[in-house]
Amino acid sequence: MHLDVQDLRNFYYRSTLGRAAQASIRGAMLKLWPEAKGQSVAGFGFAVPLLRPYLAEARRVVALMPGPQGVMPWPAGMPNVSALCEETLWPIETGHVDKLVVMHGLETSERPSRLLEECWRVLGPGGKALFIVPNRAGLWSRSDRTPFGYGRPYTLGQLETQLKEHHFLPEDHRAALYQPPSARRFWLRSGSLLERMGVKLPTVLVGGVLMVEVSKRVQPPRGTIVKDLARRPIKALDGLAKPA
1 MHLDVQDLRN FYYRSTLGRA AQASIRGAML KLWPEAKGQS VAGFGFAVPL LRPYLAEARR
61 VVALMPGPQG VMPWPAGMPN VSALCEETLW PIETGHVDKL VVMHGLETSE RPSRLLEECW
121 RVLGPGGKAL FIVPNRAGLW SRSDRTPFGY GRPYTLGQLE TQLKEHHFLP EDHRAALYQP
181 PSARRFWLRS GSLLERMGVK LPTVLVGGVL MVEVSKRVQP PRGTIVKDLA RRPIKALDGL
241 AKPA
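For the sequence shown, the tail end lands on 244 under the numbering used here, and the numbers increase by one without skipping.
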C-alpha cells in the first residue's frame, strides 16, 4: 500500500526530521552518482527529494509517482517534471533511462515483480538503478512516524536476491539514516556526527535504509552458432580467399 503524497511531502519538506533524512540519503546517493551530465534521470515512488542535484545538467529529469500515492508538482518555482502513472506502466520509451532512483516504491508495491520488470524495461544499455528501501534491522523500519515504517522492510540479502531474479546485477551497496528516527533536539543536532560515524559500521546493523546500486543485465543470445560453408564456392572469388 502506497503512502499518500501529502504525507510524504509534509515529512520531507515540512519537518526537521524529514529534511535531515533527505540530506542523509541524498548525500549517500551523490557519493555513488556525483553527476548526470547529459543523461536521462528518472525517479519512481517519491524520489523527488533526491533528484534536485541533477536538474541543472541532466538531459532530462522525470519524477514518476504511482496512482495510489498521488502526484504533486515538482520542482517548486520551475517547470514541472513530475507525472502520475500506473505502477507497472510508465510513460517512458524502452531503454531511454540512464539513471533510475526508486524510493518509497518497491517496499509499498502490491506487484513488486511487475514493478521490477518495468524498471528493467526503461533502463538503457549501461543504465543503472538505485533501490532505496527500509532496513529490516534498522530503527526506522520499526517506527510508523516516518515513511520508512510502512511497507515491507528488507535485509540486504533479500533485496539483492530479488533484484538478481529480475536480471539486475548488484554493483554496490551502502546504508544511510544512522541517526534515530526521533524529532528530539539532541538527536537532530547529533545527526550529522552520527551519519559520519555510521558509515564505518556494518551496513546491515544500524542503517535505517539500504541502498543497492544495480546495472541492467542483458541475457546473451541463446542457441548455437552454426557456420554454413558453401559447397561450391564461386570461382570468381578464389583470388580473394587465396591471393596469388
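C-beta: ideal position from N, C-alpha, C; glycine also.
Practice prompt. Identify every residue that forms a DSSP beta bridge with C85.
Written response: P66
Worksheet item: Roughly how many angstroms lie between the CA atoms of E93 and G27, to the nearest whole one?
Response: 30 Å
Worksheet entry | Contacting residues, own chain, Cβ-Cβ under 6 Å from L116 (five flanking each side not counted) | H166
Worksheet entry | Cβ-based neighbour list, R111, same chain, cut-off 7 Å, excluding 5 preceding and 5 following | E87 and T88
Worksheet item: Which value, in whole angstroms, describes the spacing of the CA atoms of P221 and P125?
Response: Confidence is the limiting factor: at P221 the pLDDT is only 47, short of 50, which leaves the residue's position unreliable, though a coordinate-based value still follows. If you take the alpha carbons of P221 and P125, they lie about 16 Å apart.
Fill in: Nearest-angstrom Cβ-Cβ length linking S24 and A137, presumed shorter than 8 Å
Cβ atoms of S24 and A137 stay farther apart than 8 Å, at about 17 Å.
Worksheet item: S109 by DSSP, collapsed to three states: which one?
Response: Coil, per DSSP.
Worksheet entry | For V218 and Y13, the rounded distance between their alpha carbons | Near 38 Å, if we compare the C-alpha coordinates of V218 and Y13.
Worksheet item: A176 bridges to which residues according to DSSP?
Response: V209
Worksheet item: Out of curiosity, what's the CA-to-CA distance linking A129 and P181?
Response: In this structure, the CA atom of A129 is about 26 Å from the CA atom of P181.
Worksheet item: Exposed or buried, which one is E171 when buried takes at least 16 other CB atoms within 10 Å?
Response: exposed
Fill in: Supposed close pair A333, M103 - CB separation, criterion 8 Å
No information on residue 333 is available, as it lies outside the stretch 1 to 244 that the chain covers here.
Worksheet item: Cα-Cα, which of R9, V209, E213 and Y150 is closest to P73?
Response: R9
Item to complete: Check whether the Cβ of R121 lies closer than 8 Å to any Cβ atom in chain B.
Response: This model lacks chain B altogether, as it is built from one protein chain only.
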